[in-house]
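What follows is one structure encoded as structure tokens, with my remarks underneath.
There are 2 protein chains.
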Amino acid sequence: MILLDGKHTAETIRQEMKQQIDALLREGRRAPKLGIVLVGHNPASETYVNNKMRACEQVGIEAVKIAYEDSVSEQELIDKVQELNDDASVDGFIVQLPLPSHIDESRITSAIDWRKDVDGLTPQNIGRTALGMPSLVSATPRGIRELLSRYGITTAGKHVVVIGRSNIVGKPMAMLLMQRPYLSLPNMSASALGDATVTVCHSKTQDLKKICLTADIIIVAAGCPKLLTADMVREGTTVIDVGINRVDGKLVGDVDFAAVAPKAAYISPVPGGVGPMTIVSLLQNTLQAYNEHTR
Amino acid sequence: MILLDGKHTAETIRQEMKQQIDALLREGRRAPKLGIVLVGHNPASETYVNNKMRACEQVGIEAVKIAYEDSVSEQELIDKVQELNDDASVDGFIVQLPLPSHIDESRITSAIDWRKDVDGLTPQNIGRTALGMPSLVSATPRGIRELLSRYGITTAGKHVVVIGRSNIVGKPMAMLLMQRPYLSLPNMSASALGDATVTVCHSKTQDLKKICLTADIIIVAAGCPKLLTADMVREGTTVIDVGINRVDGKLVGDVDFAAVAPKAAYISPVPGGVGPMTIVSLLQNTLQAYNEHTR
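Below, the structure is given as structure tokens:
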């Protein structure tokens, strides 16, 4: 069993990015700039935003936090999104989710110019990803693609089972996997992802176990601790755990790691697997947007 | 075995639409208006366009053909797309594909305002469909959804195998099928489609037969005559044939119909199955765009 070490891989990528950005600065170009809109004081959101700001700093991306109280109106946020869309000094920006319940998240997200949508959540980017057009890919699927690629794991002709059909993980992940392989995009290493036979499972799926037993690769993004158990996994399967659950104060994924790991060819741990790769994707998307925007 | 009679179903829907549009006219409202941009003299395209115009006429949609010679420049087409985007008297329009090789189809398609994109081909509409937002769904998947729905075939909890990963059929079809079920959209009958476990197969899939034998519903959109043979289908499977191939001057689908039909619970023929439903989808999308646009 080989551990898919997202923490280490993310660190390697950040070092590579720092070198690229240092080189840009030496050429006299400005640093890439990321805007982060944060509403309220959700502790998890504050932690995520701080982690993102620290990661930006490490690679040389200028990160600017724009903070609002919970009481902010939808229109104020829309106006800020428009301002960031129009601000030529900002290469990309994100609106940290979740938003307070009086704000329509999809209305905010849809207002973001897709060229600056470094979280890859707008209909335009999801659609462009699906159609195989150049796009800013949603952070988690992009991170998983990078993790697989760095470990030399190919997907062509393999059966990949994706558990979970969320808009930010399951659906764009499935689209990337079934795609004809990406040709090299600017600032993106040629990726072996694509050409997979993809099955998307979810809460309404019958006989999940039987389907999982036919998989070469299983990607679990269901938000359900120990959903994937050892009896559901063939010897030699690659297992990617996207779950982030807190059980008895401890962070755990969707996979019964101790029991599944001995059967897996490759497996990503939680924490230290997909999570760090997701933040790196945000940095990569920001650099990609910068390169498009300033070229 | 029950034949999924797309020709008859489409006729029924056109009659329903005619009544709806007649009612609009009696209220003193204008008729919905569809623009059809046709480039060159490809005989198949000319036939398709004529069929679409005739179908529009039948239901009371005003169809306007805008024809160009093969020599038209990309910029002229983009300018026309912009003009149609801005023309308040036009509810929706399509650019008949394929376009001559000197024109970048995706550049033309992407320029269409998604609210008028009644073919459902823009990244915005594909993305909105994937995200479960109100959208103009690509014509063929919309037609298949309607056909299944009219025959009372549900997809929740079923395993649907989609063969083919094209941007206009396989991918949006998969997105619709895996979706949480659509809530009723304006002018769309509540649909039972959604909540399916979906497997997307294609030319790189290994052991297609084995996968098909686990399916409750198989949708074949591969463009390959007799791809789906009787040994690949369990008794009681529903089979949707999206193929349009010409063999010895005869129109055939992707399914070995004579051999598969006796095993199928439901099966759509070619011709007379998905094809007529696809044209009806265009009419339905045009009426949906009209209702959004004029409300």
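Here the protein sequences come in this chain order: A and B. To convert, note that position 21 of the first sequence is 24 in the working numbering; the numbers rise steadily by one, no gaps. To convert, note that position 138 of the second sequence is 141 in the working numbering; the numbers rise steadily by one, no gaps. Note that beta-carbon positions come from the ideal geometry of N, C-alpha and C, so glycine has one too.
Count the other CB atoms, across all protein chains shown, that sit within 10 Å of the CB of residue 298 of chain B; report buried if there are 16 or more and exposed otherwise.
Numbered from 1 along the second sequence, position 295 holds the residue referred to as residue 298 of chain B. Residue 298 of chain B should be labelled exposed.
If contact means a Cβ-Cβ distance below 9 Å, which residues of the segment 203-233 of chain B contact chain E?
Here the protein chains are A and B, and chain E is not one of them.
Beta-carbon of residue 198 of chain B versus every beta-carbon of chain A: anything under 7 Å?
On the second sequence, position 195 is the one that residue 198 of chain B refers to. Chain A contact via Cβ: present.
In angstroms with no decimal places, state the Cα-to-Cα distance between residue 145 of chain B and residue 167 of chain B.
Locating residue 145 of chain B in the second sequence gives position 142, counting from the first residue. Locating residue 167 of chain B in the second sequence gives position 164, counting from the first residue. Answer to the nearest angstrom: the Cα atoms are 16 Å apart.
Taking a contact to mean a Cβ-Cβ separation below 7 Å, would you say residue 4 of chain A touches residue 267 of chain A in this structure?
Translated into positions along the first sequence, residue 4 of chain A becomes position 1. Translated into positions along the first sequence, residue 267 of chain A becomes position 264. It is a contact, given that the beta carbons lie within the stated cut-off.
Expressed to the nearest angstrom, what Euclidean distance is found between the alpha-carbon atoms of residue 7 of chain A and residue 288 of chain A?
One-based indexing of the first sequence puts residue 7 of chain A at position 4. One-based indexing of the first sequence puts residue 288 of chain A at position 285. Between residue 7 of chain A and residue 288 of chain A, the C-alpha separation is close to 22 Å.
Taking CB distances under 7 Å as the criterion, tell me whether residue 131 of chain A reaches chain B.
Counting from 1 along the first sequence, the entry for residue 131 of chain A is found at position 128. So, interface residue.
Any Cβ of chain A within less than 7 Å of the Cβ of residue 148 of chain B?
Counting from 1 along the second sequence, the entry for residue 148 of chain B is found at position 145. Chain A contact via Cβ: absent.
Spatial neighbours of residue 214 of chain A within its chain, please: C-beta separation below 8 Å, excluding the five flanking residues on both sides.
As a first step, residue 214 of chain A is located in the first sequence; it is residue number 211 there, counting from the start. Excluding sequence neighbours, residue 214 of chain A sits near 164, 202, 204 and 208.
Taking 7 Å as the CB-CB limit, is residue 181 of chain A close to chain B?
In the first sequence, residue 181 of chain A corresponds to position 178, counting from 1. With 7 Å as the cut-off, residue 181 of chain A counts as an interface residue toward chain B.
Report the start-end ranges of each alpha helix (DSSP H) in the segment 101-147 of chain A that is 4 residues or longer and not cut off at the edges.
Runs of alpha helix (DSSP H) with 4 or more residues, each lying fully within the segment 101-147 of chain A, are found at 108-114 and 126-134, listed in chain order.
Excluding sequence positions up to five away, which residues of its chain have a Cβ less than 6 Å from the Cβ of residue 239 of chain A?
Your numbering for residue 239 of chain A matches position 236 in the first sequence. Within the same chain, 268 come within 6 Å of residue 239 of chain A by CB-CB distance, once the 5 residues on both sides are set aside.
Same chain, Cβ closer than 7 Å to residue 133 of chain A, five either side skipped, listed in chain order
Translated into the one-based positions of the first sequence, residue 133 of chain A becomes position 130. These residues qualify, in order along the chain: 178.
For residue 124 of chain B, which residues in the same chain have their Cβ closer than 8 Å to its Cβ, ignoring the five residues on either side in sequence?
As a working mapping, residue 124 of chain B is identified with position 121 in the second sequence. Correct list, in chain order: 112, 115, 141, 170 and 171.
Which of the three DSSP states, helix, strand or coil, is assigned to residue 38 of chain B?
In the second sequence, residue 38 of chain B corresponds to position 35, counting from 1. Residue 38 of chain B: strand per DSSP, three-state reduction.
Anyone know if the C-beta pair for residue 36 of chain A and residue 94 of chain A falls short of 7 Å?
Taking the first residue of the first sequence as 1, we reach residue 36 of chain A at position 33. Taking the first residue of the first sequence as 1, we reach residue 94 of chain A at position 91. Their beta carbons are under 7 Å apart, which means residue 36 of chain A touches residue 94 of chain A by this criterion.
Less than 7 Å between the beta carbons of residue 97 of chain B and residue 39 of chain B, yes or no?
Stepping through the second sequence from its first residue, residue 97 of chain B is reached at position 94. Stepping through the second sequence from its first residue, residue 39 of chain B is reached at position 36. Cβ distance < 7 Å, so residue 97 of chain B and residue 39 of chain B count as in contact.
Reducing DSSP to helix, strand and coil, say where residue 248 of chain B ends up.
Here residue 248 of chain B is taken as the residue at index 245 of the second sequence, counted from 1. In this structure, residue 248 of chain B counts as strand in the three-state DSSP scheme.
Which residues, taken in chain order from the segment 148-173 of chain A, show a beta carbon closer than 7 Å to some beta carbon of chain B?
Those would be 159, 160, 168 and 170, in chain order.
If the cut is a Cβ gap below 8 Å, which residues of chain A does residue 127 of chain B touch?
The sequence position of residue 127 of chain B within the second sequence is 124, counting from 1. Simply 126, 127 and 130.
Mark residue 78 of chain B as exposed unless 16 or more other C-beta atoms lie within 10 angstroms of its C-beta, in which case mark it buried.
Your numbering for residue 78 of chain B matches position 75 in the second sequence. With fewer than 16 other Cβ atoms within 10 Å, it is exposed.
Can you check whether the CB of residue 242 of chain A is closer than 7 Å to the CB of residue 2 of chain A?
Because chain A is modelled from 4 through 298, residue 2 of chain A falls outside the range shown and cannot be assessed.
Within the 7 Å Cβ cut-off, does residue 140 of chain A reach chain B?
Along the first sequence, one-based indexing puts residue 140 of chain A at 137. No, because no Cβ of chain B sits closer than 7 Å to the Cβ of residue 140 of chain A.
Short check: CB of residue 280 of chain B to CB of residue 13 of chain B, under 7 Å?
Numbered from 1 along the second sequence, position 277 holds the residue referred to as residue 280 of chain B. Numbered from 1 along the second sequence, position 10 holds the residue referred to as residue 13 of chain B. Yes, these two residues count as a Cβ contact at 7 Å.
Reducing DSSP to helix, strand and coil, say where residue 162 of chain A ends up.
Taking the first residue of the first sequence as position 1, residue 162 of chain A is located at position 159. Residue 162 of chain A falls in the strand class under three-state DSSP.
Below 8 Å on C-beta distance, what does residue 134 of chain A contact in chain B?
The residue you call residue 134 of chain A lines up with position 131 of the first sequence. Neighbourhood of residue 134 of chain A in chain B, by CB distance below 8 Å: 109, 126, 129, 170 and 174, in chain order.
Please report the straight-line C-alpha distance between residue 232 of chain A and residue 247 of chain A, rounded to a whole angstrom.
Here the question's residue 232 of chain A lines up with position 229 in the first sequence. Here the question's residue 247 of chain A lines up with position 244 in the first sequence. Their Cα atoms are separated by approximately 16 Å.
Backbone secondary structure at residue 204 of chain B - three-state DSSP:
For this step, residue 204 of chain B is matched to residue 201 along the second sequence. Correct three-state label for residue 204 of chain B: strand.
Look at residue 99 of chain B and residue 41 of chain B and say whether their C-beta atoms are less than 7 Å apart.
Numbered from its first residue, the second sequence carries residue 99 of chain B at position 96. Numbered from its first residue, the second sequence carries residue 41 of chain B at position 38. Their beta carbons are under 7 Å apart, which means residue 99 of chain B touches residue 41 of chain B by this criterion.
Within 7 Å of any Cβ in chain A, is that where the Cβ of residue 201 of chain B sits?
Taking the first residue of the second sequence as position 1, residue 201 of chain B is located at position 198. Interface residue (Cβ-Cβ distance to chain A less than 7 Å): residue 201 of chain B is classified as such.
What residue does the alpha helix (DSSP H) around residue 75 of chain B start on, and which one ends it?
Position 72 of the second sequence holds residue 75 of chain B. Taken as a continuous stretch (DSSP letters only), residue 75 of chain B belongs to no alpha helix (DSSP H), as it is neither H nor E.
Beta-carbon separation (whole angstroms), residue 173 of chain B vs residue 224 of chain B, contact threshold 8 Å
Mapped onto the second sequence, residue 173 of chain B falls at position 170. Mapped onto the second sequence, residue 224 of chain B falls at position 221. About 6 Å; that satisfies the 8 Å criterion.
Consult DSSP for residue 65 of chain B and reduce its assignment to one of helix, strand or coil.
Within the second sequence, the letter at position 62 stands for residue 65 of chain B. Residue 65 of chain B: strand per DSSP, three-state reduction.
Show which residues of chain A have a CB atom less than 9 Å away from the CB atom of residue 178 of chain B.
Mapped onto the second sequence, residue 178 of chain B falls at position 175. Near residue 178 of chain B (Cβ distances below 9 Å), the residues of chain A are 133, 174, 177 and 178.
What three-state label does DSSP hand residue 24 of chain B in the structure shown?
Residue 24 of chain B sits at position 21 when you count from the first residue of the second sequence. Residue 24 of chain B falls in the helix class under three-state DSSP.
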